[in-house]
Amino acid sequence: MMLLSHLVERYQGDLERLHGPQLLPSHRQALQAMRRCRRQGSDLMVLQCSNCEHSVKIPHSCGHRSCPHCQHHESQQWIERQRAKLLPVEYFLITFTVPAELRPVFWQHQRATYDLLLRTCWQTIDSFARRDPKLRGKIGAHAVLHTHNRRLDYHPHVHLIVPAGAIHEQRREWRSKAKGYLFPEASLARVFRAKWFEGMRQLGLQVKSTIPREWVVHCKSVGRGEKALIYLGRYLYRGVLPEKNILSDEDGMVTFRTKDNAGKEIIQTISGGDFLWLLLRHVLPRRFRRVRDFGLRHANGKRLIQLVQLLLRVVLPDRTEPSHKPAVLCPQCGGVMEVLAVRVRGMRPLLS
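If you count the sequence shown from 1, you need to add 846 to reach the working numbering.
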């Protein structure tokens, strides 16, 4: 398996030569973190066997959310927390996509446009739930921002996992839609477009008048919602390309595996500098939250969630026990290693 840290070390100079003017501070921070990830020269962690007292020193992982080598455990924890909150109702996965003509605007104003995109998607869903004759209540949603398609092209869009029901607060009723249908896609797209343009106007950002009038929104049933959560959880914390999909590095060219929109496997070969740029385009601005909870799922919605539990006659756990990271085993006797010190500098790693 090819390690991304090796490719960063080898091709960072080519990246600077090809795309230096386009690199943002967040890109450079990600490069620095991934280059040092679990490499000699990084801060070390000291572990000792609880059985035979054998000790080892291993390099720390970088922990950067765009590193494919890190944060697998955090992804799994997020999935577990959200699964524990699922209601026993039908769920829909709603995807809001912006036209290709707007991608340059998103790239130039990432923090503002990403935030606006997430808020506008929720405002659209919320307005439909409040006006729908069969709902007329407060709905909830998990929203996740993605910046890529399966080919890793720059393609900002938002997925929302939404229950097919809403709570009417005054009447204390849970109201559901007919199975298999939530909101009309064409109407969602029109309202979404109008709200987004109004948001851009309030931000003082100009948009060309040639933007298409027809925007795309997909709304499909995903059953009880578990598979949709797992799908979204894969891309939250560990970059856009797993290291197992990096196939080779020869003569300055990197070969890797992706998929097209139909799910068919694609093998691509590009220069090392362009490969790093392909990945860095999807690094988010520093401390930007790509996952948002809205409505019933917001932290302020605990009282309403308790009411929904009562109405649906279910009890959701207040807190789920997080899964534990796999233990590090002693290379000598197989016992469990315990952490003695972290972020230790000036020591050579000892892995056996």
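Positions of the beta carbon are idealized from the N, C-alpha and C atoms, including for glycine.
- Taking a contact to require three or more Cβ pairs closer than 8 Å, the region 1063 to 1077 and the region 1046 to 1053 do not qualify as touching.
- According to the DSSP assignment, Lys-1110 belongs to no alpha helix (DSSP H), since it is labelled neither H nor E.
- DSSP places Tyr-1083 outside both helix and strand once states are collapsed to three, so it counts as coil.
- Residues of the same chain with a CB within less than 6 Å of the CB of Glu-947, apart from the 5 flanking positions on each side, are Ile-1057 in chain order.
- Following the DSSP letters along the chain, one finds Ile-1151 inside the alpha helix (DSSP H) bounded by residues 1148 to 1158.
- For Glu-1096, there is no enclosing alpha helix (DSSP H); the enclosing beta strand (DSSP E) has its first and last residue at 1092 to 1096.
- Annotation: the continuous beta strand (DSSP E) that includes Lys-903 extends over 901 to 905.
- In this structure, Val-951 keeps its C-beta atom at 7 Å or more from the C-beta atom of Val-1137.
- In the structure shown, Gln-928 adopts helical secondary structure according to DSSP, grouped into three states.
- Taking a contact as a CB-CB distance under 8 Å, the pair Phe-942 and Val-1004 counts as one, their CB atoms being some 5 Å apart.
- Assigned with DSSP and collapsed to three states, Cys-967 falls in helix.
- The beta carbons of Leu-853 and Val-1100 sit about 7 Å from each other, so the pair counts as a contact at 8 Å.
- For Asp-1139, the enclosing beta strand (DSSP E) starts and ends at 1137 to 1141.
- Rounded to the nearest whole angstrom, the CA to CA distance from His-910 to Gln-917 is 8 Å.
- Around Ser-896, the same chain offers Gly-1181, Val-1182 and Glu-1184 as residues with beta carbons nearer than 7 Å, after the five sequence neighbours per side are excluded.
- Between Glu-936 and Ala-1010, the gap from beta carbon to beta carbon is short of 7 Å.
- Counting along the chain, the unbroken alpha helix (DSSP H) around Glu-1031 starts and ends at 1031 to 1049.
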